[in-house]
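A.B. asks: Sharing a structure below in structure tokens format, with a few things to ask.
In the numbering used here, the protein residues as written are 7 to 311.
Here it is in structure tokens:
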């Protein structure tokens with residue numbers, strides 16, 4: 007059987023692996039040196055809910071708070087365009103009135119303070135721990151899923167690529183001191199799902215090509231499989247990236263961290279699906295025999311994967 011046309015992606019797998027190691031080490035170094043810039047969701051602070059008579063301009067409110075000295079304020083819509091949630095570091099019981107007074111000195115727009123609540127650092131620490139546990143459970147579940155659906159070597163490759171994606175993404179966020187809040191954590195978990203989806207599509211094609219290309223070795227199989235899925239990968243990654251760029255530019259501060267994190271994840275996830283998850287199968291010496299069910303192999307009934 008004549009092999010389909012293919013791009014020799016795996017010809018540079020060793021160079022790509024060296025680049026991967028360097029980037030991962032830089033990401034880890036950035037995490038250890040700078041640490042994540044945890045937002046008020048994790049560190050605790052004061053929540054102030056304001057209700058305006060007219061739809062509120064969030065960017066204007068943030069600038070006004072900055073002029074009043076509250077440079078770390080997080081301003082978000084809350085329920086409707088007239089309800090605004092302001093989050094600030096600090097636990098002063100008069101902080102709500104202080105913020106209201108500062109805003110009224112700069113802008114005469116009519117509003118009222120509906121509630122002021124303090125979120126302690128203990129709650130923030132619990133959220134941080136639960137977020138980390140959720141990520142570990144997700145990785146463990148992925149390993150088990152791929153081990154049962156494909157074979158344990160596929161699970162090792164997928165988890166290795168996901169670990170790379172998380173390390174690099176968090177390293178970039180730490181280096182640029184992007185506030186790490188619940189929306190960014192949600193983006194990291196969404197990135198895990200996105201990257202896994204790319205990897206599974208390539209793995210499915212590799213498994214199928216073991217049956218279609220019986221005389222091909224694992225390197226030829228991977229090259230053909232990645233080539234066959236390349237247009238789909240480009241179309242999906244490009245369309246997702248365009249949507250995220252639009253969110254990053256027009257979404258404001260409340261969606262900026264989410265969009266930036268997921269945009270980084272799309273880039274590193276696409277790379278890792280080709281140059282981490284696939285080469286691991288070569289290093290683990292995956293063969294068509296690995297995909298034969300043990301029972302069928304023992305009875306000699308069927309030798310197809």
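For every residue, glycine included, the Cβ atom is placed at its ideal position computed from N, Cα and C.
Because the structure is a prediction, the values reported are computed rather than measured.
From residue 210 to residue 297, what distance separates their C-alpha atoms?
C.D. replies: Straight-line Cα distance between these residues: approximately 12 Å.
A.B. asks: Starting from residue 54 and walking both ways along the beta strand (DSSP E), at which residues does that stretch end?
C.D. replies: Element bounds for residue 54: 51-58.
A.B. asks: Among 124, 293 and 264, which has the Cα closest to the Cα of residue 100?
C.D. replies: For the residues 124, 293 and 264, the minimum Cα distance to residue 100 belongs to 124.
A.B. asks: What does a CB cutoff of less than 6 Å around residue 33 pick up in its chain, not counting 5 residues either side in sequence?
C.D. replies: Only 173, 174 and 177 meet the Cβ criterion.
A.B. asks: Pull up the CB-CB distance for residue 171 and residue 11, whole angstroms please, since I reckon it's below 8 Å.
C.D. replies: Between residue 11 and residue 171 the Cβ distance is about 29 Å, and since that is not below 8 Å, they are no contact.
A.B. asks: Expressed to the nearest angstrom, what Euclidean distance is found between the alpha-carbon atoms of residue 68 and residue 250?
C.D. replies: C-alpha separation (whole angstroms): 23 Å.
A.B. asks: Give me the residue from 41, 49, 235 and 197 with the minimum Cα distance to residue 95.
C.D. replies: If we check each option's Cα against that of residue 95, 49 comes out closest.
A.B. asks: Got a sec, what are the start and stop residues for the beta strand (DSSP E) residue 86 sits in?
C.D. replies: Residue 86 -> beta strand (DSSP E) spans 86-94.
A.B. asks: Return the residue from the list 83, 160, 20 and 187 that minimises the CA-CA distance to residue 208.
C.D. replies: The shortest Cα separation from residue 208 among 83, 160, 20 and 187 belongs to 160.
A.B. asks: Have a look at the DSSP bridge pairing and note the partners of residue 123.
C.D. replies: Paired residues: 53.
A.B. asks: May I have the straight-line CA-CA distance separating residue 110 from residue 149, to the nearest angstrom?
C.D. replies: Computed Cα separation, rounded: 55 Å.
A.B. asks: I'd like the span of the alpha helix (DSSP H) that includes residue 166, first residue to last.
C.D. replies: From DSSP, the alpha helix (DSSP H) with residue 166 extends over 158-181.
A.B. asks: Following the continuous alpha helix (DSSP H) through residue 277, name the residue where it begins and the one where it ends.
C.D. replies: First-last of the alpha helix (DSSP H) with residue 277: 259-281.
A.B. asks: Residues in the same chain with beta-carbon distance under 6 Å from residue 163, minus the five sequence neighbours each way, listed in chain order, please.
C.D. replies: Hits under 6 Å: 283, 286 and 287.
A.B. asks: Excluding sequence positions up to five away, which residues of its chain have a Cβ less than 6 Å from the Cβ of residue 301?
C.D. replies: Here residue 301 scores only 49 on pLDDT, less than 50, and its place in the model should not be relied on; the value that follows carries that caveat. Nothing listed; no residue qualifies.
A.B. asks: Tell me whether residue 285 sits in a helix, a strand or coil according to DSSP, three-state version.
C.D. replies: Helix.
A.B. asks: Which residues in the same chain have their Cβ closer than 8 Å to the Cβ of residue 73, if we skip the five residues on either side of it in sequence?
C.D. replies: 112, listed in sequence order.
A.B. asks: Determine, using beta carbons only, whether residue 87 and residue 62 come nearer to each other than 8 Å.
C.D. replies: It is a contact, given that the beta carbons lie within the stated cut-off.
A.B. asks: Could you name the residues of the same chain whose beta carbon sits closer than 6 Å to that of residue 184, not counting the 5 residues immediately before and after it, in chain order?
C.D. replies: Correct list, in chain order: 263.
A.B. asks: What's the call for residue 228, buried or exposed, on a 16-neighbour Cβ count within 10 Å?
C.D. replies: Buried.
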